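Participant: Chains A and B are the protein sequences, given in the same order.
Reminder that position 137 of the first sequence reads as 137 in full-length UniProt numbering, one-by-one numbering, no gaps.
Reminder that position 47 of the second sequence reads as 47 in full-length UniProt numbering, one-by-one numbering, no gaps.
The structure under discussion is supplied below as structure tokens; questions concerning it will follow.
There are 2 protein chains.
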Amino acid sequence: MTTLYGYFRSSAAYRVRIALNLKGLAYEPALINLVKGEQRSDDYRARNPQGLVPLLETDDGIRLTQSLAICEYLEERYPTPALLPHTPEERARVRALAQLVASEIHPLNNLKVLKYLVHELKVGDEAKTAWYRHWITEGFDALEAMLTLEAGSGEFCHGDAPTLADLCLVPQVYNAERFECDLSAYPRIQRITANCRALPAFQQAAPEAQPDAP
Amino acid sequence: MTTLYGYFRSSAAYRVRIALNLKGLAYEPALINLVKGEQRSDDYRARNPQGLVPLLETDDGIRLTQSLAICEYLEERYPTPALLPHTPEERARVRALAQLVASEIHPLNNLKVLKYLVHELKVGDEAKTAWYRHWITEGFDALEAMLTLEAGSGEFCHGDAPTLADLCLVPQVYNAERFECDLSAYPRIQRITANCRALPAFQQAAPEAQPDAP
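In structure tokens form, the structure reads like this:
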């Protein structure tokens, strides 16, 4: 059985859960408590030297890391339903939307970075929240503009079915809501998120539906 | 003619320059001075609402953003020489190495983040350098472990020819050297970087070889 090492609130694990669900692939969850630092244990690092979740271990013992690399692997091995459109140009658009979340917003706001701000840079609560919201705002401004201006947009980030872009967007919106970011300037993002959340694959991947959720 | 909007020191533009060179694709450089804030001009934002480089405009007027999405596009449209190996498992490994740089290290250390640290969080020079080195160390520790322990490694990150992973690694090493990070603990990273730098495609993509280099 495929095993997914993850944590209920990890955005990156959340993306992979959605991908697995959309493709109808069963998996065993292995829970790594990031707040307790279990990702840094020798045992876990022996599986993934990065000390990060997610890690996907396949039936045949192959270990895959980095959420977008895992999703691309799933797409290649289990092409239906597709998480990427057909033409290279459309695929590039979807990957750009996904990377905008995965490389411009999420890395700045994940747990290890917020901890560094507090513990090493002695940043107060207010400045930490301002930091968080700053990168959400900058990223979502760009994303909303792309979703509004570009031809490919539809009921989802690209067209009328979920793609790699949506499975990055929804976990990022979840995080933004947790930090009480004002999303009223992003009607497209909100509508697409609502469309995603109407699907069981997204519902079952949500943090609150995981076995390690409080 | 294909146009690449970039900046000599942008890691993300540097990646795309290497990919274009490896594939033997000619392009016109369009120079966007990030220090002067030209990426935020109305004119540039009309082309790329993200206000980021790189942006690749193809012959047929298609605009592509986000370096890894651009490289995947180039790989699909111009498959030879390949920047990704053949099997889904190997491709996943290369993409994971690339994402480790592109999502875990680079986003924390790019210009806009360093500016935020200095201007908004009033972080001093020493703490800024410590921040920079912290994320390099954490990321390179993981990368070195993967390159040492995993079967796929060779004279390059994966096997004996450059892949997507190498074109993320080399710009990151360039940045680490600029910030005088101690790389002595990373012999694999150093050897692979040296192998890359021996190739004209990497040499011609280097920041110092660009028309906007001082």
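For every residue, glycine included, the Cβ atom is placed at its ideal position computed from N, Cα and C.
The structure presented is a predicted model; accordingly, all values stated were derived computationally and were not measured.
I136(B) CB to nearest chain A CB: under 7 angstroms?
Facilitator: Chain A, which has no Cβ nearer than 7 angstroms to the Cβ of I136(B), makes this no.
Participant: Going by the CB atoms, is the gap between I189(B) and E138(B) shorter than 7 angstroms?
Facilitator: No, they are not a contact pair.
Participant: Does the distance from the CB of R15(A) to the CB of C157(A) come in under 7 angstroms?
Facilitator: Their beta carbons are not under 7 angstroms apart, which means R15(A) does not touch C157(A) by this criterion.
Participant: Tell me whether A30(B) sits in a helix, a strand or coil according to DSSP, three-state version.
Facilitator: Of the three classes helix, strand and coil, the one that applies to A30(B) here is strand, per DSSP.
Participant: Could you check whether P54(A) and S67(A) sit closer than 7 angstroms to each other, using their CB atoms as the reference points?
Facilitator: Result yes, Cβ atoms of S67(A) and P54(A) sit closer than 7 angstroms.
Participant: Which residue comes first and which comes last in the alpha helix (DSSP H) that contains G124(A)?
Facilitator: From DSSP, G124(A) is part of no alpha helix (DSSP H); its letter is neither H nor E.
Participant: Can you give me the C-alpha to C-alpha distance between Q99(B) and L56(B), rounded to a whole angstrom?
Facilitator: Spanning the two alpha carbons is a distance of roughly 20 angstroms.
Participant: State yes or no: is the beta carbon of E126(B) nearer than 7 angstroms to at least one beta carbon in chain A?
Facilitator: Closer than 7 angstroms: no.
Participant: Mapping DSSP to helix, strand and coil, what is R63(A)?
Facilitator: Three-state result, R63(A): strand.
Participant: Compute the distance between the beta-carbons of E76(A) and L84(A), then report whether it is under 7 angstroms.
Facilitator: For E76(A) and L84(A), no; Cβs fall outside 7 angstroms.
Participant: Could you check whether the Cβ of E38(A) sits closer than 7 angstroms to any Cβ belonging to chain B?
Facilitator: Not one chain B Cβ lies under 7 angstroms of E38(A).
Participant: Determine the DSSP secondary structure at L4(A), reduced to helix, strand or coil.
Facilitator: The answer is strand: DSSP assigns L4(A) an E or B state.
Participant: Would you verify that the beta carbon of A145(B) is, or is not, closer than 7 angstroms to some beta carbon of chain D?
Facilitator: Judged by its chain identifiers, the structure shown contains no chain D, and its protein chains are A and B.
Participant: For M1(B), which residues in the same chain have their Cβ closer than 8 angstroms to its Cβ, ignoring the five residues on either side in sequence?
Facilitator: The answer, listed in chain order, is A26, Y27, E28 and D59.
Participant: From A142(A) to L149(A), what distance separates their C-alpha atoms?
Facilitator: Roughly 10 angstroms separates the two Cα atoms.
Participant: Within 7 angstroms of any Cβ in chain B, is that where the Cβ of P107(A) sits?
Facilitator: Chain B contact via Cβ: present.
Participant: Roughly how many whole angstroms lie between the Cα atoms of K128(B) and G37(A)?
Facilitator: Roughly 25 angstroms between the two C-alpha positions.
Participant: Taking DSSP's pairing of strands, which residues face E57(A) in a bridge?
Facilitator: DSSP lists T3(A) and R63(A) as partners of E57(A).
Participant: With distances taken between CB atoms, is the gap from D212(A) to L31(A) smaller than 7 angstroms?
Facilitator: In this structure, L31(A) lies closer than 7 angstroms to D212(A) by Cβ.
Participant: Which of helix, strand or coil does DSSP assign to L199(A)?
Facilitator: Here L199(A) sits in coil by DSSP.
Participant: Please check if any C-beta of chain B sits within less than 7 angstroms of the C-beta of residue 215(A).
Facilitator: Residue 215(A) is absent from the model: chain A starts at 1 and stops at 214.
Participant: What residue range does the alpha helix (DSSP H) around V170(A) cover?
Facilitator: It spans L164 to R178 - the alpha helix (DSSP H) in which V170(A) sits, taken as one unbroken run.
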